[in-house]
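Numbering (my numbering), first residue to last: 595 to 743. We put the CB at the ideal spot given by N, CA and C, even for glycine. Because the structure is a prediction, the values reported are computed rather than measured. Report on the structure given below.
Have a look at this one:
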């Protein structure tokens, strides 16, 4: 993380940003959300949303069970991979949605409310899954190996 990744973009004259997450700390929470990475057989997504809350909380102290219960009620959310920043302990996730519209509604309207309730800044990115489907399938993405692929 400290050699190749900053050196490669520097050679192109662009800035770099790396985030590393602790998959072990979030495994139970991600499984509870049907994360495709744990062989849930999820349907192919229409969009992805990356989220990160700018606060530092050990994942085992985070209220993920209550948050999962609320997330399971969201229209269009198919599954979630929880993320916990390695050394930073920021909380976030990689969420799969059925359509781009439901993903945008979450990222623009619902997630900012969650951050406000926690009194912290946040970071989100929305990705159209349709434009990357073939490339993801070629890399054996777990999002395209389930029943909805």
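What do you reckon, are the CB atoms on residue i and residue j nearer than 7 Å?
{"i": "residue 640", "j": "residue 723", "result": "yes"}
{"i": "residue 675", "j": "residue 698", "result": "no"}
{"i": "residue 752", "j": "residue 716", "result": "Absent from the model: residue 752. The displayed extent of the chain is 595 to 743, so no value can be given."}
{"i": "residue 642", "j": "residue 678", "result": "no"}
Taking the alpha-carbon positions, what's the residue i to residue j distance?
{"i": "residue 615", "j": "residue 601", "result": "21 Å"}
{"i": "residue 695", "j": "residue 645", "result": "16 Å"}
{"i": "residue 684", "j": "residue 649", "result": "5 Å"}
{"i": "residue 743", "j": "residue 655", "result": "Since pLDDT at residue 743 reaches only 48, below the 50 mark, its modelled position is unreliable, and the value read off the structure follows with that caveat. Distance between the alpha carbons of residue 743 and residue 655: 35 Å."}
{"i": "residue 637", "j": "residue 691", "result": "10 Å"}
{"i": "residue 631", "j": "residue 607", "result": "34 Å"}
{"i": "residue 731", "j": "residue 725", "result": "12 Å"}
{"i": "residue 658", "j": "residue 714", "result": "17 Å"}
{"i": "residue 662", "j": "residue 622", "result": "11 Å"}
{"i": "residue 672", "j": "residue 710", "result": "24 Å"}
{"i": "residue 597", "j": "residue 708", "result": "35 Å"}
Along the chain, where does the beta strand (DSSP E) containing residue i start, and where does it finish?
{"i": "residue 726", "result": "Counting along the chain, residue 726 falls outside any beta strand (DSSP E), and DSSP gives it neither H nor E."}
Let me know if residue i comes out buried or exposed under the rule of 16 or more other beta-carbons within 10 Å of its beta-carbon.
{"i": "residue 687", "result": "buried"}
{"i": "residue 666", "result": "exposed"}
{"i": "residue 700", "result": "buried"}
{"i": "residue 741", "result": "A caution first: residue 741 carries a pLDDT of 46, below 50, which makes its placement in the model too unreliable to give a value."}
{"i": "residue 629", "result": "buried"}
{"i": "residue 627", "result": "buried"}
{"i": "residue 624", "result": "buried"}
Starting from residue i and walking both ways along the alpha helix (DSSP H), at which residues does that stretch end?
{"i": "residue 736", "result": "Element bounds for residue 736: n/a, residue is neither H nor E."}
{"i": "residue 699", "result": "694-699"}
{"i": "residue 617", "result": "617-626"}
{"i": "residue 710", "result": "705-712"}
{"i": "residue 599", "result": "598-605"}
So that I know if they touch, is there some Cβ in chain D lying closer than 7 Å to that of residue i?
{"i": "residue 686", "result": "This model lacks chain D altogether, as it is built from one protein chain only."}
- Message: List, from N- to C-terminal side, the beta strand (DSSP E) runs of 3 residues or more that fit wholly inside the stretch 637-692.
- Response: 641-647, 671-678 and 685-691
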